[in-house]
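*Asks:* Going left to right, the sequence shown walks through residues 1 to 177 as the UniProt record's numbering numbers them.
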Amino acid sequence: MSGSNVDETSEQTHGRETKPTAQGKGKKDKSHDALSNMEARLAKVELAMADTWEGIDLIEQARDQEIRQELSIYKTIVLAWVMATYETPRVKVPKPHTFSGKRDAKELDNFLWHMERYFEAIALMDEATKAQDCSKRKALNAMIEEKEKEGDAHMGSLQLLNALKPSWCLRRLKAKG
1 MSGSNVDETS EQTHGRETKP TAQGKGKKDK SHDALSNMEA RLAKVELAMA
51 DTWEGIDLIE QARDQEIRQE LSIYKTIVLA WVMATYETPR VKVPKPHTFS
101 GKRDAKELDN FLWHMERYFE AIALMDEATK AQDCSKRKAL NAMIEEKEKE
151 GDAHMGSLQL LNALKPSWCL RRLKAKG
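Structure representation (structure tokens):
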């Protein structure tokens with residue numbers, strides 16, 4: 001009798017899970033199965049949550065990439081619109097000094113210098129043209145200095161003026177304009 005009384009006390013639940021006893025091996029197996037079943041279900045839920053988070057991350061990345069592409073398109077459109085509507089401010093530029101017709105190297109140099117400043121002021125020259133003109137100017141100055149050293153500055157400037165002719169300015173303006 002007292003053995004059955006011990007069994008009753010060891011199997012009391014008190015509103016909780018049944019505690020296994022040495023004599024109640026059948027109940028231990030059931031609770032162990034229930035616990036392993038719950039652990040398996042929890043693992044499945046955790047895997048499903050991980051898959052869900054990965055899916056959410058992929059969706060967010062795709063959305064971010066789409067937004068970046070749209071933003072770059074909008075930037076391009078706005079930039080094109082701004083560049084199309086932007087006009088460079090026009091400044092009234094005085095006309096350069098006219099060539100007086102004197103066959104003098106200094107007069108020619110001054111005339112070329114004034115023409116270059118005029119073209120720069122009306123923004124006719126770009127960087128490539130400036131680079132080309134710089135080498136041309138150096139060559140012209142070298143020719144003038146060489147002729148002055150020989151004592152034929154007058155003849156050298158005449159040859160240079162005949163080679164240039166005044167129409168070069170008009171051709172350049174028509175080509176750029």
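Even glycine gets a Cβ: it sits at the ideal position worked out from N, Cα and C. In this text the structure is predicted, and so the values were computed from the model without any measurement.
#1: When the Cα atoms are used, what is the spatial distance from S36 to V45?
#2: Hey, how far is the Cα of F99 from the Cα of T85?
#3: Measure how close the beta-carbons of I122 and V93 come, nearest whole angstrom, since I'm counting them as under 8 Å.
#4: Between the C-alpha atoms of G101 and H114, what's the straight-line distance to the nearest angstrom?
#5: For residue 187, count the other beta carbons within 10 Å of its own beta carbon; 16 or more makes it buried, fewer makes it exposed. Which is it?
#6: Run through DSSP, which three-state label would T98 get?
#7: Buried or exposed, going by whether 16 or more other CB atoms sit within 10 Å of the CB of A62?
#8: With burial defined as no fewer than 16 other Cβ atoms inside 10 Å of the residue's Cβ, what is the status of L108: buried or exposed?
*Replies:* On the basis of the supplied data:
#1: 14 Å
#2: 38 Å
#3: 5 Å
#4: 15 Å
#5: Outside the displayed range of the chain (1 to 177) lies residue 187, so it cannot be described from this structure.
#6: coil
#7: exposed
#8: buried
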